[in-house]
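Trainee: Number 15 in UniProt numbering belongs to position 15 of the sequence shown; there are no gaps in the numbering.
Note that beta-carbon positions come from the ideal geometry of N, C-alpha and C, so glycine has one too.
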Amino acid sequence: MTQLTGIALLGAGRMAKVHAAAIRQAGGQIVAVYDPVSAAADAMAAETGAAVASSAAAAISHPQVSAVVIATSSDTHVELIIAAVNAGKPVLCEKPIASSLADARHCIEIIGSEAAQRVFLGFNRRFDRGHASVRHAVQAGEIGRLEQLTITSRDPFPPPLEYIPRSGGLFRDMMIHDFDMARGIVGKEFVSITAHGSSIIDPEIGRLEDVDTASVTLLAEDGTLVTILNSRRCSYGFDQRIEAFGASGMVMSDNPRQSGFTRYAPDAPGCAAPILEFFMERYGPSYVEEMRLFLECAQSGKPMPVNALDGLKAALLAEAATESLRLGKTLHLTGLDQEFHHA
């Protein structure tokens with residue numbers, strides 16, 4: 001693949017560092033970086049050899065920039081997506097597309113549905129080898145008719161409390177990955193959603209009007225049941241599993257281990273190596289594959305495999321889950337252009 005002339009990286013925090021590493025491994029070159037925290041931008045520029053831009057607009061319009069990667073806070077995504085699209089630059093934006101469903105819809109309205117399909121949305125877990133294998137097996141009919149899908153996602157520890165108010169809440173920030181995964185595997189529209197949540201890990205999270213422990217049940221139009229389990233704390237590492245159960249069998253994507261080592265002894269029978277610690281280790285290869293596909297599509301003009309319209313649909317499910325929890329009711333889903341309503 002011929003390397004793009006250059007990439008503008010918007011953001012220089014934790015997620016930007018993940019994307020910067022993926023850009024390098026995928027064969028891209030960061031030529032401009034912007035972050036409102038100048039020290040972070042300077043550090044990223046020193047590490048990557050990029051120029052520090054005075055603003056996001058300056059980074060996007062840099063003469064050597066031919067693609068844009070957005071890794072800033074969620075509340076800035078819509079503005080930056082619009083700016084990149086208006087500049088005619090292919091863009092990859094870290095999830096979610098926006099902090100709310102209303103903002104996500106506004107973004108699509110401004111750029112138009114055709115341009116939205118050329119915005120790569122950073123649902124990197126689609127490209128994890130194990131998760132992708134489950135999706136392919138289900139879609140190929142290897143387990144017969146899909147009947148139940150269970151997605152488990154547990155972080156090793158909660159985020160800093162100051163992050164909670166600007167995160168949009170667990171459903172919009174954390175479970176949004178799982179909503180997108182469910183859509184990709186089931187391949188059908190969902191007709192109802194029921195959410196439950198608690199703040200039992202840290203009561204302060206509850207006082208900030210969020211939850212740290214949650215479950216969601218989705219009913220697809222063909223009767224398939226999806227269960228999603230999320231937790232902000234997991235004592236044994238970064239727990240990421242998918243189980244698809246069908247009429248003629250089951251497929252699973254399990255937790256990779258730190259090594260293939262297993263100890264067999266009287267005091268530790270069948271003791272396997274621990275699972276990986278956090279998302280950088282667990283999903284590092286999927287971030288690289290995501291970036292490789294983005295660069296390939298940006299150069300060739302091929303459709304983005306996961307785009308802003310997918311982000312809008314995931315945002316709808318996140319908003320519906322938030323409302324289901326608030327009302328304590330099952331909500332009926334009636335499409336992207338209509339509001340969900342309770343039973």
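Among the candidates Leu-101, Ser-235, Thr-224, whose CA atom is the shortest distance from the CA of Phe-171?
Mentor: Ranking the options by Cα distance to Phe-171, first place goes to Leu-101.
Trainee: Using C-beta distances below 6 Å, list every residue in its chain close to Glu-289, excluding the 5 sequence neighbours before and after it, in chain order.
Mentor: Result list for Glu-289: Phe-127, in chain order.
Trainee: Can you give me the Cβ contacts of Arg-129 inside the same chain, cut-off strictly under 8 Å, excluding the 5 residues immediately before and after it?
Mentor: The residues are Pro-285, Ser-286.
Trainee: Alpha carbon to alpha carbon, how far is Met-181 from Leu-80?
Mentor: Approximately 25 Å, taken between the alpha carbons.
Trainee: Quick one: residues in its chain with C-beta nearer than 7 Å to the C-beta of Gly-311, no 5 flanking neighbours on either side, listed in chain order?
Mentor: Contacts found: Lys-95, Pro-96, Ile-97, Ala-104, Leu-121.
Trainee: Using the Cα positions of Tyr-34 and Gly-197, report the straight-line distance between them to the nearest angstrom.
Mentor: Distance between the alpha carbons of Tyr-34 and Gly-197 is about 37 Å.
Trainee: Using 9 Å as the threshold, is the C-beta distance between Thr-150 and Glu-243 below it?
Mentor: Contact flag set, yes.
Trainee: How many Å lie between Asp-155 and Arg-125 at the Cα?
Mentor: Going by the C-alpha atoms only, they are around 14 Å apart.
Trainee: Apart from the five residues just before and just after Val-216, which ones in its own chain have a Cβ nearer than 6 Å to its Cβ?
Mentor: Counting only Cβ-Cβ distances below 6 Å, and skipping sequence neighbours, we find Ala-195, Ile-228, Ala-321.
Trainee: Using the three-state DSSP reduction, which class does Met-250 fall into: helix, strand or coil?
Mentor: Strand.
Trainee: I believe Pro-90 touches Ala-67 by the beta-carbon criterion, under 8 Å. Please report the beta-carbon distance rounded to the nearest angstrom.
Mentor: Contact holds; Cβ gap of about 5 Å.
Trainee: Can you give the beta carbon distance from Ser-253 to Arg-241, rounded, assuming they're within the 8 Å contact cut?
Mentor: Correct: roughly 6 Å between the Cβ atoms.
Trainee: Name the DSSP bridge partner or partners of His-196?
Mentor: For His-196, which the question treats as bridged, DSSP gives the partners Ser-215.
Trainee: Tell me where the alpha helix (DSSP H) around Thr-322 begins and ends.
Mentor: Run containing Thr-322: 308-327, per the alpha helix (DSSP H) assignment.
Trainee: Considering Phe-127, what are the terminal residues of the beta strand (DSSP E) in which it resides?
Mentor: Counting along the chain, Phe-127 falls outside any beta strand (DSSP E), and DSSP gives it neither H nor E.
Trainee: So, under 8 Å CB-CB, Pro-158 and Leu-208 are touching, yes? Tell me the CB distance rounded to an integer number of Å.
Mentor: Not a contact, Cβ separation roughly 11 Å.
Trainee: Can you check whether the CB of Leu-9 is closer than 9 Å to the CB of Met-291?
Mentor: No.
Trainee: Hey, could you find the ends of the alpha helix (DSSP H) Ser-286 is sitting in?
Mentor: 284-300 is the extent of the alpha helix (DSSP H) around Ser-286.
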